[in-house]
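The structure under discussion appears below in the form of structure tokens.
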Amino acid sequence: MAIFDQAVSQGLMSLRTSTALLKVAAFFLAWAALWLPLAIPIATALKWHPPMPLAVKQKLPLIAALYLIAPLILWGASWVNQESFSDYGLNWQLPVLVSLGLGLGLAVLSLVIVFTGQWTLGWIEWRSEHSPRLGQVLLPVFLLGLSISVTEELVFRGFLLNTLQQDYSVWVAAAVSSVIFALLHLIWEQKNTLPQLPGLWLMGMVLVLARWLDNGSLGLATGLHTGWIWGLTCLDSTELISYTGKGPTWITGLGANPLAGVAGIVCLLTTGILLQWLFA
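Here the sequence shown is numbered in the numbering used here, starting from 196 and rising by one per residue.
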């Protein structure tokens, strides 16, 4: 038993003193190792076999299983690094909640600006007959978006960014963490995600900027992330807008995905400018 304890102690010490990239690799490998025993039976029950495309009803249970174990992995990483969730930027005190609300409002405003612009140009049309559906999805989609955003911000703008800054400059850490954030979206879908990679990378950078401007807190970034998920998912699930086909797809977004077009990039850049103007 003493030999085992000594081996564990040496392993932990080695991990604590290892390079940032090794810590990051260990984190994601551990996350995958805990998730796969849950994901395999879920995928089997849902009759999904990679590389088949995932339907929404198949994707949600797999995401739920992945994110349910995220707090355990994050706690393990914080214990190994002798840190806390507060070090990662989340402590649920009043200033964080205020920042979260501000981020939420700013995200919704950025979507309103972009979609109103497209409507003015005749590229989209509002389907008011579907508006009653909105009341049915607002709360559940908000709660889903909040849970996803808290998890992803703790992982990518919290643990990952902090860890990379141990060995790299702030800008390099931001760029690398955003690359990892974008590439990991390929796990769920490749064909539709590939055109969104530049937009996803820029989204990661804007969320890093939000953390910097919020004095290291994840409140503002979490609010922005939640607002984007909330707004886009509500519009998509209620079919509240439809594309007229008059606008170039390279602007409106390939496959009706805003992040795969100039419109999504403009939305993110507008948000970044507003962040600098309001909080810098």
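For every residue, glycine included, the Cβ atom is placed at its ideal position computed from N, Cα and C.
query = Does the beta-carbon of residue 452 have 16 or more other beta-carbons within 10 angstroms, so that it is buried, or is it exposed?
reply = Your numbering for residue 452 matches position 257 in the sequence shown. Around the C-beta of residue 452, 16 or more other C-beta atoms lie within 10 Å, and the residue is accordingly described as buried.
query = In or out: residue 247 buried (at least 16 other Cβ within 10 Å) or exposed?
reply = Numbered from 1 along the sequence shown, position 52 holds the residue referred to as residue 247. Counting the other Cβ atoms within 10 Å of the Cβ of residue 247 gives fewer than 16, which makes it exposed.
query = Who are the Cβ neighbours of residue 363 in its own chain at under 8 Å, not counting the five residues just before and after it?
reply = For the purposes of this step, residue 363 is identified with residue 168 of the sequence shown, where counting begins at 1. Taken in chain order, the residues that qualify are 215 and 371.
inquiry  = For residue 350 and residue 269, I'd like the C-alpha separation in whole angstroms.
reply    = The residue labelled residue 350 in the question sits at position 155 within the sequence shown. The residue labelled residue 269 in the question sits at position 74 within the sequence shown. Taken atom to atom, the span from the alpha-carbon of residue 350 to that of residue 269 is near 7 Å.
ask   = Whose C-beta lies closer than 6 Å to the C-beta of residue 423 among residues of the same chain, with five residues either side of it excluded?
value = Here residue 423 refers to the residue found at position 228 of the sequence shown. Counting only Cβ-Cβ distances below 6 Å, and skipping sequence neighbours, we find 302.
Residue range of the unbroken beta strand (DSSP E) whose run includes residue 347 = Along the sequence shown, read from residue 1 onward, the residue named residue 347 stands at position 152. It is not in any beta strand (DSSP E) - residue 347 instead sits in the alpha helix (DSSP H) that spans 329-347.
request  = Compare the beta carbon distance of residue 260 and residue 233 with 7 Å and say whether it is the shorter of the two.
outcome  = Walking along the sequence shown from the start, residue 260 turns up at place 65. Walking along the sequence shown from the start, residue 233 turns up at place 38. Yes; because the gap between Cβ atoms is below 7 Å, this pair is in contact.
request  = Determine the DSSP secondary structure at residue 321, reduced to helix, strand or coil.
outcome  = Translated into the one-based positions of the sequence shown, residue 321 becomes position 126. In the displayed model, residue 321 falls within a strand according to three-state DSSP.
key: Contact belief for residue 392 with residue 377 at Cβ below 8 Å, rounded distance in angstroms   = In the sequence shown, counting from the first residue as 1, residue 392 sits at position 197. In the sequence shown, counting from the first residue as 1, residue 377 sits at position 182. The C-beta separation of residue 392 from residue 377 comes to about 5 Å, placing the pair in contact by the 8 Å criterion.
ask   = What residues are listed by DSSP as bridge partners for residue 446?
value = As a first step, residue 446 is located in the sequence shown; it is residue number 251 there, counting from the start. In the DSSP output, where bridge partners are listed per residue, residue 446 has none listed.
Residue 290 beta carbon near the ligand NAD (any heavy atom closer than 6 Å) = As presented, the structure is devoid of all ligands, the ligand NAD included, so that no description of it is given.
request  = Measure the CB-CB distance between residue 447 and residue 321 and report whether it falls below 7 Å.
outcome  = Within the sequence shown, residue 447 is the residue found at index 252, counting from 1. Within the sequence shown, residue 321 is the residue found at index 126, counting from 1. Not in contact: residue 447 and residue 321 (Cβ atoms no closer than 7 Å).
query = Any contact of the segment 263-279 with the segment 392-404, i.e. 3+ C-beta pairs under 8 Å?
reply = With the rule of 3 Cβ pairs closer than 8 Å, the segment 263-279 does not count as touching the segment 392-404.
query = Given residue 361, which residues of its chain have a CB within under 7 Å of its CB, disregarding the five upstream and five downstream residues?
reply = The sequence position of residue 361 within the sequence shown is 166, counting from 1. In chain order, 215 place their CB closer than 7 Å to the CB of residue 361, counting only its own chain and leaving out the 5 sequence neighbours on each side.
query = Grouping DSSP H, G and I as helix and E and B as strand, with all else coil, what is residue 438?
reply = Position 243 of the sequence shown, counting from 1, holds the residue named residue 438. Strand, per DSSP.
ask   = Going by the beta-carbon positions, is the gap between residue 426 and residue 306 smaller than 7 Å?
value = Here residue 426 corresponds to residue number 231 of the sequence shown, with the count starting at 1. Here residue 306 corresponds to residue number 111 of the sequence shown, with the count starting at 1. Yes, they are a contact pair.
ask   = Comparing alpha-carbon positions, which option in 388, 417, 397 and 343 lies nearest residue 286?
value = To locate residue 286, count along the sequence shown from 1; it is residue 91. Of all alpha-carbon atoms in 388, 417, 397 and 343, the one lying nearest the alpha-carbon of residue 286 is that of 417.
key: Integer-rounded CB distance, given that residue 413 should sit under 8 Å from residue 353   = Taking the sequence shown and counting its residues from 1, the one referred to as residue 353 is at position 158. Taking the sequence shown and counting its residues from 1, the one referred to as residue 413 is at position 218. Cβ-Cβ separation between residue 353 and residue 413: approximately 6 Å, consistent with a contact (criterion under 8 Å).
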